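In this text, residue positions in the sequence shown follow my numbering: the first is 8, and each later residue adds one. Positions of the beta carbon are idealized from the N, C-alpha and C atoms, including for glycine. Bear in mind that the values here come from a model prediction, so they are computed numbers and not experimental data.
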Amino acid sequence: MSDTPPEQQARPPGRLRMSRREEETYRASVKTCLAAPHIARRLEKRPGVTAAAVREAMRTAANTERALAPCADTQRLYRAARRRLRAMLRLRSRRLAAGVWDRWLSALLLLAVAAVLSAVFGAGLLQRLALLPPAVAAAGAVGWRPASRARVGNLVAALAFTVRASAAQTEQAALAKKWARELEKSGTGPMVERVVQALLGDDPDSLLLPDSYEGLRSPRGPAYVVSSQASRRLRRKIEQIEGGTIAVCGPRGAGKTTLLEDCAREADFSVVAQAPASYTPHEFVISLFVRLCAGYLRKEGHAVPDIARLPAWRRLLIRVRRPLRRRARALLFAVPAAGLVLLGTYAAARSLVLGLRTDVESRTAQALDWTSEWLTRTWEGGSAGAALLVTLAGLAVWFAGGFAEAVRGVVLLARAVTALLGVALMAVAVVTVVLDPEIRHHAARAGSTVEVAGFVLVLVAWSVAVAWLARVRRRDGTLKAVVRRLNALMDDDDAVMILVVLVVVSAVAGVGSEPARAALADPENPLRLMALVLGAVLIRLSVWRPSPAEPELVTECRAMIYRLKTVQSRTTTLGGAAPQLLGLSASEAASFSTVPPAYPEVVADFRDLLTRIAEDLHHRGRRVLIAIDEVDRLGSSAQALAFLGEIKAILGVPRVHYLISVAEDVGAAFVRRGLPHRDVTDSSLDDVAHVYPCRLGESKEVLAKRAPGLSEPYVLLAHTLSGGLPRDLIRYSRRMLEMQDRTKSVELTDIARQLITEELFETLSGFRTLLGNERWSRENSAVLLSLRNLTALLGAPAGAGTVSDVRRALGDFALRTAPAQSGSETASALLDEASAYTYFSLTLLEIFGLPGFDRRRAAAGYRDGFQLLAEARGELAVSPHSTRPLIDEVRGAWGLPVRPAQGAAPPAPRPGVSRGRQADGNGAGEAAGSGGAAG
8 MSDTPPEQQA RPPGRLRMSR REEETYRASV KTCLAAPHIA RRLEKRPGVT
58 AAAVREAMRT AANTERALAP CADTQRLYRA ARRRLRAMLR LRSRRLAAGV
108 WDRWLSALLL LAVAAVLSAV FGAGLLQRLA LLPPAVAAAG AVGWRPASRA
158 RVGNLVAALA FTVRASAAQT EQAALAKKWA RELEKSGTGP MVERVVQALL
208 GDDPDSLLLP DSYEGLRSPR GPAYVVSSQA SRRLRRKIEQ IEGGTIAVCG
258 PRGAGKTTLL EDCAREADFS VVAQAPASYT PHEFVISLFV RLCAGYLRKE
308 GHAVPDIARL PAWRRLLIRV RRPLRRRARA LLFAVPAAGL VLLGTYAAAR
358 SLVLGLRTDV ESRTAQALDW TSEWLTRTWE GGSAGAALLV TLAGLAVWFA
408 GGFAEAVRGV VLLARAVTAL LGVALMAVAV VTVVLDPEIR HHAARAGSTV
458 EVAGFVLVLV AWSVAVAWLA RVRRRDGTLK AVVRRLNALM DDDDAVMILV
508 VLVVVSAVAG VGSEPARAAL ADPENPLRLM ALVLGAVLIR LSVWRPSPAE
558 PELVTECRAM IYRLKTVQSR TTTLGGAAPQ LLGLSASEAA SFSTVPPAYP
608 EVVADFRDLL TRIAEDLHHR GRRVLIAIDE VDRLGSSAQA LAFLGEIKAI
658 LGVPRVHYLI SVAEDVGAAF VRRGLPHRDV TDSSLDDVAH VYPCRLGESK
708 EVLAKRAPGL SEPYVLLAHT LSGGLPRDLI RYSRRMLEMQ DRTKSVELTD
758 IARQLITEEL FETLSGFRTL LGNERWSREN SAVLLSLRNL TALLGAPAGA
808 GTVSDVRRAL GDFALRTAPA QSGSETASAL LDEASAYTYF SLTLLEIFGL
858 PGFDRRRAAA GYRDGFQLLA EARGELAVSP HSTRPLIDEV RGAWGLPVRP
908 AQGAAPPAPR PGVSRGRQAD GNGAGEAAGS GGAAG
């Protein structure tokens with residue numbers, strides 16, 4: 008590989024002067040950029056857009072200069088480092104050429120090597136002194152001869168230049184990597200993208216090539232939720248009130264359910280319930296009550312009771328199996344440990360008991376005699392002072408029982424006495440070791456200080472090891488944790504060295520020292536060990552706390568679940584019989600069963616339990632939220648208001664936030680509160696959070712999160728078709744991918760035409776079905792024929808009609824809005840809506856379905872009107888007449904005819920041509936057939 012500097016190379020035609028290594032770096036950077044996913048997807052999508060064409064364009068002088076310009080400073084530093092490296096290498100070569108070896112330098116080098124080897128392998132003093140005279144002679148000869156001195160200087164200089172060349176080579180490699188990174192990030196990367204854009208020609212962003220569309224496949228996925236103005240507005244309302252009912256209103260598909268679920272996930276404790284149309288208020292409140300109890304049990308870490316009918320022995324087995332499973336590991340080690348300790352200490356304990364038995368029995372008998380005599384004297388009145396003292400003590404105990412502080416004081420005193428007794432036992436065990444005469448005699452017999460120190464170190468080492476293992480077990484509780492700690496300890500060199508010293512000294516002291524063995528075999532050591540174990544048990548007992556009792560709220564929630572989900576019954580039978588001689592008998596049976604709670608009782612219990620739960624969580628700094636979704640699915644607004652009126656009794660619980668999703672008309676009724684019009688919302692709701700359709704910027708954020716890499720024209724198309732409703736926005740984005748798969752094209756014109764015409768075909772087919780319910784005559788059926796021909800043209804297979812035919816037919820139908828041509832007022836309204844939607848679809852088709860989208864958008868300027876088109880789509884739900892002026896404004900901005908010229912009616916489809924667009928047209932053909940029959 009040549010390192011010839013740029014100034015020494017011939018300049019190829021159309022190329023900047025770069026070294027061969029720089030050219031390789033440049034080509035590798037271009038290759039990496041071409042392999043990037045967002046670039047590779049656009050290759051081969053249009054004629055001439057190939058990797059070879061991009062590489063050829065990047066080899067031109069202009070593009071090379073533009074790519075190198077952003078990282079020119081780093082390239083200059085890289086070239087300077089290369090020049091320094093070449094200079095160091097040249098100087099080193101010159102010094103090495105001048106530093107020729109002679110016999111004196113060779114002798115000096117051999118003697119130096121011999122001296123080093125003798126020092127390493129431990130040669131004696133005489134061998135080292137034998138090397139000294141010839142070494143001095145060789146060094147003197149080198150220093151005396153001028154030629155040898157010059158050669159030594161050249162060799163030292165060559166060594167210095169070698170070190171400097173190594174540093175320069177490291178610097179050059181680092182700068183080469185830095186330049187390559189900057190070249191790819193700031194130079195070739197943007198330049199390759201510009202070249203691809205130029206090769207694509209007009210409308211380069213009109214290709215449907217998203218990076219990923221996983222978010223479109225999961226409409227309800229929480230990972231794809233984007234913060235919006237509505238979500239921020241609702242969170243502010245929640246923060247402003249400590250508790251209350253907030254209605255979330257908006258059109259269907261605006262994201263109310265997603266907003267409620269997002270707020271429920273952020274709350275500390277939440278319950279989400281749906282209100283389908285089949286629920287009665289009573290059933291809904293019971294269902295919400297059960298969800299509340301089950302959610303609180305899970306929140307507090309308790310199991311929700313299983314209501315399944317199991318035999319009594321199975322239920323008992325389940326109740327016993329759970330605690331046994333938790334204690335299985337402890338029992339697995341506790342039982343063998345207790346057996347071994349008992350085996351080792353039984354003999355010593357038995358001898359101690361037998362030795363102290365007589366003394367203990369005599370002292371116990373004396374204490375019992377004195378106590379009996381004192382009680383008898385007090386009972387018979389022989390001691391008035393003792394009687395008074397006993398009476399006062401009884402009163403004190405009675406009154407102390409009513410004070411929690413007194414009870415806690417007694418408990419703390421008992422724990423303190425237990426702990427002191429444990430410490431005393433352990434201290435006695437240690438002190439007796441020091442004071443025991445036999446152990447002191449064995450220590451005095453120790454032959455050296457090392458043995459005594461080793462004996463002490465044995466005790467210390469074992470004590471530290473036992474304490475460390477106990478600490479690890481108490482904190483982590485698993486054998487794997489102990490092994491992990493041992494591995495970490497063994498990785499520490501100092502710890503390993505200390506451990507080795509302790510093991511060696513312990514082995515010497517315990518095995519090689521007879522006094523140490525005798526001290527360890529002392530007959531009282533088992534008693535001392537038993538005292539240590541008993542003391543540790545007492546200390547552990549003093550800090551032991553019983554498992555906390557189940558909270559009252561948890562118990563009540565479990566009982567409430569049984570009450571709400573089961574019917575409990577109890578049967579009692581009493582029987583009796585007189586002797587057979589009399590021949591009399593009697594029996595009585597009584598049966599009791601619980602009655603399902605009535606609605607007022609359920610409401611009262613629900614409010615009481617929820618109030619207590621909210622109070623408990625509020626003291627812990629937590630928030631309670633209940634979300635009631637799908638109220639807008641109950642049917643009409645009157646049904647929704649009636650439902651709110653029925654469940655109004657459970658609302659308004661202190662420190663509880665209720666979020667209820669309602670339709671727009673319910674929110675509008677709340678907005679009119681205080682005016683002559685009043686309804687249940689005036690007293691049921693505290694505030695209303697309106698969820699409006701997304702603006703264009705919010706739609707871009709939603710699709711950027713769900714389908715990254717989706718180009719802007721497709722975002723605009725989905726936004727205008729959906730009117731900004733998130734649900735329809737995601738649906739139309741999925742349909743665009745479906746159109747891409749069906750048409751095998753990635754061009755905006757093809758996908759937009761297919762999508763818009765299919766949507767219009769399905770919508771007009773639905774209008775035909777509705778119009779078929781009206782009465783028509785021969786005189787006013789022309790509009791039906793026109794609608795029939797239009798749907799047939801839209802539903803015909805691809806290629807059956809040109810784009811101009813479709814545009815002309817749409818323009819013709821969009822003008823047929825005169826009520827005189829229809830049969831009734833309802834039919835006139837339906838035709839007005841159909842013609843307005845056709846006018847809207849025609850506008851979209853002429854904006855997105857024709858070539859030159861970028862050029863025509865630039866001509867429209869800032870009045871591109873995509874947000875206005877989305878608002879027009881939403882306005883279609885209000886009135887077709889108020890929609891047309893909005894569409895006219897957009898058409899004027901884009902240079903389209905405001906009133907399309909009326910042409911001839913669309914021709915009827917040829918015989919044998921299917922009305923369905925394709926065999927897989929999602930039922931479009933069937934819709935067209937049913938509409939034709941209705942007409």
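- prompt: When you compare each of Leu617, Glu189, Val278 to Asp636 by their alpha carbons, which one comes out closest?
  reply: The residue you call residue 636 lines up with position 629 of the sequence shown. Of the candidates Leu617, Glu189, Val278, the one whose C-alpha sits nearest the C-alpha of Asp636 is Val278.
- prompt: Can you list, in chain order, the residues of its chain whose CB lies under 8 Å from that of Ile253, leaving out five sequence neighbours each side?
  reply: For the purposes of this step, residue 253 is taken as residue 246 along the sequence shown, with counting starting at 1. The residues are Leu241, Lys244, Ile245, His664, Tyr665, Leu666, Ile667, Leu692, Asp693, Asp694, Val695, Ala696.
message: Can you tell me whether Ile568 is buried or exposed? The criterion is at least 16 other CB atoms within 10 Å of its CB, across all chains shown.
response: Position 561 of the sequence shown holds residue 568. Label assigned to Ile568: buried.
message: On the criterion of 16 or more Cβ atoms from any shown chain inside 10 Å, does Glu31 qualify as buried, or is it exposed?
response: In the sequence shown, the residue the question calls residue 31 occupies position 24. Exposed, because fewer than 16 other Cβ atoms sit within 10 Å of the Cβ of Glu31.
message: Here's a check: name, in chain order, each residue in its chain whose Cβ is nearer than 7 Å to the Cβ of Ser36, leaving out the five neighbours to either side.
response: Locating residue 36 in the sequence shown gives position 29, counting from the first residue. Spatial neighbours of Ser36 in its own chain (CB-CB distance under 7 Å, excluding positions within 5 residues in sequence) are listed in chain order as Ala187, Leu190, Glu191, Thr195.
- prompt: With contact counted as at least three CB pairs below 8 Å, one residue from each stretch, are the segment 876 to 889 and the segment 718 to 734 in contact?
  reply: In short, these stretches touch, since the Cβ pair count reaches three.
query: Is DSSP giving Met497 helix, strand or coil here?
result: Numbered from its first residue, the sequence shown carries residue 497 at position 490. Note on Met497: pLDDT 48, under 50, position unreliable in the model; the coordinate value appears next. Residue state for Met497 is assigned as helix, using DSSP reduced to three classes.
- request: Excluding the 5 residues preceding and the 5 following Leu797 in the sequence, name in chain order all residues of the same chain whose CB lies nearer than 7 Å to its CB.
  value: Looking up residue 797 in the sequence shown gives position 790. Cβ-Cβ distances below 7 Å link Leu797 to Leu771, Ala816, Phe820, Pro913 in the same chain, with the five nearest sequence neighbours on each side left out; the list follows chain order.
task: Report all residues from its chain with a CB closer than 6 Å to the CB of Leu903; omit the five preceding and five following residues, and keep chain order.
output: Looking up residue 903 in the sequence shown gives position 896. For Leu903, same chain residues with a beta-carbon under 6 Å away, outside a window of 5 residues either side, are Glu853 in chain order.
- request: For Asp499, collect the residues of the same chain with a Cβ closer than 6 Å to its Cβ; drop the 5 residues on either side in sequence, then sort them by chain order.
  value: For the purposes of this step, residue 499 is taken as the residue at position 492 of the sequence shown. Only weak support is given to the placement of Asp499: the predicted model assigns it a pLDDT of 49, under 50, and the value that follows is read from those uncertain coordinates. Take Asp499, set aside five residues on each side of it, and no residue of its chain has a beta-carbon closer than 6 Å to its own.
- prompt: According to DSSP, what are the bridge partners of Gly251?
  reply: Translated into positions along the sequence shown, residue 251 becomes position 244. The partner list for Gly251 (beta bridge, DSSP) reads His664.
message: Going by the DSSP bridge assignment, what does Asp636 pair with across the sheet?
response: Numbered from its first residue, the sequence shown carries residue 636 at position 629. Asp636 is bridged to Gln281.
- prompt: Applying the criterion that 16 or more other CB atoms from any shown protein chain within 10 Å of the CB defines a buried residue, is Asp748 buried or exposed?
  reply: In the sequence shown, residue 748 corresponds to position 741, counting from 1. That one is exposed.
message: Between the segment 212 to 225 and the segment 707 to 723, can you find at least three pairs of beta-carbon atoms closer than 8 Å?
response: Yes: at least three Cβ pairs fall under 8 Å.
- request: Would you tell me roughly how many angstroms separate the C-alpha atoms of His626 and Gly392, rounded to the nearest one?
  value: Here residue 626 refers to the residue found at position 619 when the sequence shown is read from its first residue. Here residue 392 refers to the residue found at position 385 when the sequence shown is read from its first residue. Answer to the nearest angstrom: the Cα atoms are 52 Å apart.
- request: Grab me the residues of Pro661's own chain with a C-beta within less than 7 Å of its C-beta, minus the 5 sequence neighbours each way, in chain order.
  value: If you number the sequence shown from 1, residue 661 lands on position 654. Contacts found: Gly250, Thr618, Ala621.
query: What residue ranges within the segment 347 to 415 form continuous alpha helix (DSSP H) runs of no fewer than 4 residues, ordered along the chain?
result: Contiguous alpha helix (DSSP H) elements confined to the segment 347 to 415 occur at 391 to 407, taking only those with 4 or more residues.
task: Starting from the C-beta of Ala274, find all residues in its chain whose C-beta is less than 8 Å away, skip the five residues before and the five after it, and write them out in chain order.
output: Along the sequence shown, read from residue 1 onward, the residue named residue 274 stands at position 267. The beta carbon of Ala274 is closer than 8 Å to those of Arg630, Val631, Leu632, His664 in its chain, skipping five residues each way along the sequence.
- prompt: Can you give the Cα-Cα distance for Glu290 and Pro226, rounded to whole angstroms?
  reply: Taking the sequence shown and counting its residues from 1, one reaches residue 290 at position 283. Taking the sequence shown and counting its residues from 1, one reaches residue 226 at position 219. Spanning the alpha carbons of Glu290 and Pro226 requires a straight line of approximately 30 Å.
Exposure of Tyr303, with buried meaning 16 or more beta-carbon neighbours within 10 Å: Sequence index remark: in the sequence shown, residue 303 carries index 296 (1-based). The residue is buried, with at least 16 neighbouring Cβ atoms inside 10 Å.
field: Three-state secondary structure assigned by DSSP to Cys40
entry: Position 33 of the sequence shown, counted from the first residue, corresponds to residue 40. Assignment of Cys40 by DSSP, reduced to helix, strand and coil, places it in the helix class.
- request: Express the C-alpha separation of Tyr231 and Ser842 in angstroms, rounding to a whole number.
  value: In the sequence shown, residue 842 corresponds to position 835, counting from 1. In the sequence shown, residue 231 corresponds to position 224, counting from 1. Ser842 and Tyr231: Cα-Cα distance of roughly 37 Å.
message: In this structure, how does DSSP classify Cys701 when only helix, strand and coil are distinguished?
response: Residue 701 sits at position 694 when you count from the first residue of the sequence shown. Cys701: coil per DSSP, three-state reduction.
- request: Take Leu223 as the anchor and find which of Met743, Ala423, Gly628 has the nearest alpha-carbon.
  value: For this step, residue 223 is matched to residue 216 along the sequence shown. Nearest option by C-alpha distance: Met743.
field: Status (buried if at least 16 other CB within 10 Å, exposed otherwise) for Arg795
entry: If you number the sequence shown from 1, residue 795 lands on position 788. Arg795 is buried by the Cβ-count criterion.
- prompt: Under a Cβ-count criterion, where at least 16 other Cβ atoms within 10 Å of its own Cβ denotes burial, should Asn70 be classed as buried or exposed?
  reply: One-based indexing of the sequence shown puts residue 70 at position 63. Buried.
- request: Sort Glu769, Val897, Ser752, Leu792 by Cα distance to Lys52 and report the nearest one.
  value: Numbered from 1 along the sequence shown, position 45 holds the residue referred to as residue 52. Ser752 is the residue among Glu769, Val897, Ser752, Leu792 whose C-alpha sits nearest the C-alpha of Lys52.
- request: Compute the Euclidean distance between the alpha carbons of Ala431 and Leu349, then round it to the nearest angstrom.
  value: Taking the first residue of the sequence shown as position 1, residue 431 is located at position 424. Taking the first residue of the sequence shown as position 1, residue 349 is located at position 342. If you take the alpha carbons of Ala431 and Leu349, they lie about 22 Å apart.
field: Residue closest to Arg614, alpha-carbon to alpha-carbon, out of Ala647, Leu648, Cys564, Leu534
entry: Along the sequence shown, one-based indexing puts residue 614 at 607. Of Ala647, Leu648, Cys564, Leu534, the smallest CA-CA separation from Arg614 is found for Cys564.
- prompt: Taking Cβ positions, are Asp653 and Pro229 nearer each other than 8 Å?
  reply: Here residue 653 refers to the residue found at position 646 when the sequence shown is read from its first residue. Here residue 229 refers to the residue found at position 222 when the sequence shown is read from its first residue. What sits at residue 653 in the sequence shown is Glu, not Asp. Not a contact, by the Cβ cut-off of 8 Å.
field: Coarse secondary structure for Asp694, derived from DSSP in three states
entry: Residue 694 sits at position 687 when you count from the first residue of the sequence shown. Note: Asp694 maps to strand in three-state DSSP.
- request: Check the C-beta distance from Val311 over to Arg305 and give it rounded, since I have them as a contact under 8 Å.
  value: Within the sequence shown, numbered from 1, the residue matching residue 311 stands at position 304. Within the sequence shown, numbered from 1, the residue matching residue 305 stands at position 298. Going by Cβ atoms, the distance from Val311 to Arg305 rounds to 7 Å, so yes, they are a contact pair.
- prompt: Three-state secondary structure (DSSP) at Val631?
  reply: Reading the sequence shown from its first residue, position 624 is the one you call residue 631. If DSSP states are grouped into helix, strand and coil, Val631 belongs with the strands.
query: Roughly how far, in whole angstroms, is the beta-carbon of Thr764 from the beta-carbon of Leu801, given that I think they are within contact range, below 8 Å?
result: On the sequence shown, position 757 is the one that residue 764 refers to. On the sequence shown, position 794 is the one that residue 801 refers to. So it is a contact: roughly 5 Å between Cβ atoms.
query: Is the segment 256 to 267 touching the segment 603 to 613, taking contact as three or more C-beta pairs under 8 Å?
result: Fewer than three pairs of CB atoms, one per stretch, sit closer than 8 Å, so the segment 256 to 267 makes no contact with the segment 603 to 613.
- prompt: How would you write the range of the alpha helix (DSSP H) that Cys300 sits in, first residue to last?
  reply: Against the sequence shown, residue 300 aligns to sequence position 293. Membership of Cys300 in the alpha helix (DSSP H) is indicated by the continuous run 288 to 306.
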